[in-house]
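Protein chains in written order, with my numbering: chain A, 147 to 405; chain B, 10 to 529.
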């Protein structure tokens, strides 16, 4: 549990939203209702805000979008609080290492290149993320995995079916797999990712590979729930992933042997 | 109207244009010597083939994929198909079904049968041509009567997956002030080698482009145009393995704008360059005949390459696209050449540099309704900062007189636009367009200052790049990764198996009809 100091006056067992005064509960919400603008629509907006726990909701702004749609910006005091003290979040325990640190670490601990396969699976055609992690150029000044001499990488690109990925994992003898999912409409990414884990398990190789997923709506927690070893979300840099792969493989070797 | 705020070296612009022209000439020669499955499918659709088989496969696909279709493709399928129609004494769709069912096989007719088939095909092509002409005239009529509103045209996207929900969102967007409604396609669609048939209510990250969906949205927007008192343009995306078919459907159903860019398909969707450059020729002929605007996808180059260093690739590609388009009969006022604001908003003088780039493209293409794309690369979940990034973009669009102003959505990085995301985006763009209405007329740029220098530098780099590409050929340049830092090989990518060299007796009355309509 993170123990950075809480500001003065916070009740850790009942943390309320904050506007400019402790425990004022001030929240802004904005939403559209599929009803024509008018007094009834305004009242509906207030009641909806009320149901969300907003006391004394005030409509700061409204827009008659026409064709039966109304838009509202609402402020109110959220009565709900959260027991912050009781929260435990699974997080990725690892040291963040830079490119050179990872290279040295890998050279020290492994006598061969670690093999990583990456892909955007399913119908997903958005490779910006996986490319940012894997390609030479990387992202925001951090080199991609392709640039590391201690990794051997294969970026399969976009729209890779799970069975095609699995075949490549076997052929390439991957030590780690990076799956990128950007399109999340109707939660297609969740079923797609879960299916891949099932397939890898059915193949009997789940324990031999690091399964990692990433994307704008992926978190470490979501990844673990799906059966992955780690999940990376927005802002992830290549060295985060590289460092994780390196440290995790070493950790596993403490119990098993990586040849 | 735009003047020259940049003091560009016009000789250099002309030279760059000349290189682009030479490149375009080679590409057109290459394309003209080939046909593809998509070109032939489009041809059959234009001859009147409608409808899909029980599995949902369009009959034009069934005919092209048939044994005789494959065998005869190098000669063009219009004549054998028309001949089959005559032999079966049926409609185009019925003949197509008969071929699909194996009841009849296409053959290459000769003598009188050939003459009759040619007459039939020419007549059918003319019928489609006439429908296209009517659509053009309807559009011109509406534009003359009620106009389009003020430029830059505000362009918004709808992408629910359900065409009927899209119509609702489009109505609200038009009321808010949108002038172009673009329906984003379902995420896999550019790679489908067929066009789904009928209205659709499900898609991923977008709505399938189908002829029925085009018609549904066009009808809704015509109604909205009357209500709003300005003609609302409809946009969809032709790029991909079905570019010729999409363009033809666009012309028949009166779409007003279509994304039509082979380079985009090659670089970003890994479509084979031989296939899509050949497809593009036919598709752009259809666009010229249809009188609609084509948009190109150079904005995407700046999502993979560094915008502060890759500006010259955008300009070079715009010039190549312009020259290819002109050779297909498109007029300058139909060229929505693309560029974008994609620099890091936190970097010093980013706004100054973006103004320089936008003004440069403006001055090199004075007659074109340039398509200006909003930030995407540096948009985050911080939607409030995103709204501000889009405001900077809106300001740049207005002060550099862009033609088609794609609206940034504050939630760009997170989800396809909610109804109010779009509403707020239009409100912001409209406010800035009004507030800064004549700013462009008022502003001069400092002689030899940052903006003029940057524009000059990018122009110089573009000219050098075009000279290089001219020497080595476009195909080779693409293999080298010149555009967008993406490398593609001549034989790689999807769709190569759908390309065939034209036989010496290749005949396509639809191609001829479109060429005639395009004024070539």
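Think of the CB as a built atom: it goes at the ideal place given N, C-alpha and C, for glycine as much as any other residue.
Query	Result
Distance between residue 300(B) and residue 433(B) (C-alpha atoms, nearest Å)	32 angstroms
Cβ contact check for the stretch 286-294 of chain B and the stretch 446-459 of chain B: 3 or more pairs under 8 angstroms	no
Distance between beta carbons of residue 278(A) and residue 284(A), contact taken as under 8 angstroms	7 angstroms
Spatially closest choice to residue 254(B) from 169(B), 295(B), 399(B), by CA coordinates	295(B)
Span separating the alpha-carbon of residue 47(B) from that of residue 74(B)	11 angstroms
Backbone secondary structure at residue 152(A) - three-state DSSP	coil
Against chain B: residues of the stretch 180-214 of chain A by CB proximity under 7 angstroms	209, 211, 212, 213
Residue 486(B) versus residue 370(A) - alpha carbon distance	44 angstroms
Contact set between residue 423(B) and chain A, taken where Cβ atoms lie within less than 9 angstroms	362, 363
The stretch 172-183 of chain B: positions lying closer than 7 angstroms to chain A by Cβ	177, 180, 181
Proximity test, Cβ basis, 8 angstroms: residue 1(B) and chain A	Residue 1(B) is absent from the model: chain B starts at 10 and stops at 529.
Host beta strand (DSSP E) of residue 174(A) (start-end)	172-179
The stretch 30-46 of chain B / the stretch 314-333 of chain B touching (three or more Cβ pairs under 8 angstroms)	yes
Rounded separation between residue 170(B) and residue 217(B) - CA only	7 angstroms
Cβ pair residue 324(A), residue 384(A) closer than 8 angstroms	no
9 angstroms Cβ cut-off: residues of chain B touching residue 175(A)	Under the 9 angstroms cutoff, chain B gives no residues; its nearest Cβ is about 12 angstroms from residue 175(A).
Interface flag, residue 310(A) vs chain B, CB-CB below 8 angstroms	no
Rounded distance between the beta-carbons of residue 278(B) and residue 238(B), thought under 8 angstroms	Going by Cβ atoms, the distance from residue 238(B) to residue 278(B) rounds to 39 angstroms, so no, they are not a contact pair.
Within chain B, the residues that residue 274(A) reaches when beta carbons sit closer than 7 angstroms	312
Buried or exposed by the 16-neighbour rule on C-beta atoms within 10 Å, applied to residue 205(B)	buried
C-beta neighbour in chain A for residue 504(B), strict 8 angstroms	no
Whole-angstrom distance between residue 146(B) and residue 258(B), CA atom to CA atom	17 angstroms
Contacting residues, own chain, Cβ-Cβ under 7 angstroms from residue 388(B) (five flanking each side not counted)	395, 398, 421, 422
Own chain, CB closer than 6 angstroms to residue 354(B), minus 5 neighbours either side, in chain order	387, 398
Minimum Cβ-Cβ distance from residue 191(B) to chain A less than 8 angstroms	no
Inter-stretch contact (C-beta, 8 angstroms, three-pair minimum) for the stretch 37-47 of chain B and the stretch 338-345 of chain B	no
heavy atom of the ligand NAP below 7 angstroms from residue 245(B) C-beta	What this structure holds is no ligand at all, so the ligand NAP is not there to describe.
Residue of 231(B), 232(B), 308(B), 100(B) minimising C-alpha distance to residue 268(B)	308(B)
Residue 448(B) vs residue 408(B) beta-carbon contact at 8 angstroms	yes
Run of the beta strand (DSSP E) containing residue 530(B), from where it starts to where it stops	Residue coverage of chain B in this structure runs from 10 to 529, which leaves residue 530(B) outside it and unanswerable.
Close beta carbons around residue 171(A), own chain, < 6 angstroms, minus the five adjacent residues each side	162, 163, 223, 224
First through last residue of the alpha helix (DSSP H) which encompasses residue 381(B)	From DSSP, residue 381(B) is part of no alpha helix (DSSP H) but of the beta strand (DSSP E) over 380-382.
Residue environment, residue 180(A), which counts as buried when at least 16 other CB atoms sit within 10 Å	exposed
Interface partners of residue 428(B) on chain A, CB under 8 angstroms	178, 211, 215, 217
Own chain, CB closer than 6 angstroms to residue 268(A), minus 5 neighbours either side, in chain order	338
Residue from 172(B), 175(B), 231(B) whose Cα sits closest to the Cα of residue 156(B)	231(B)
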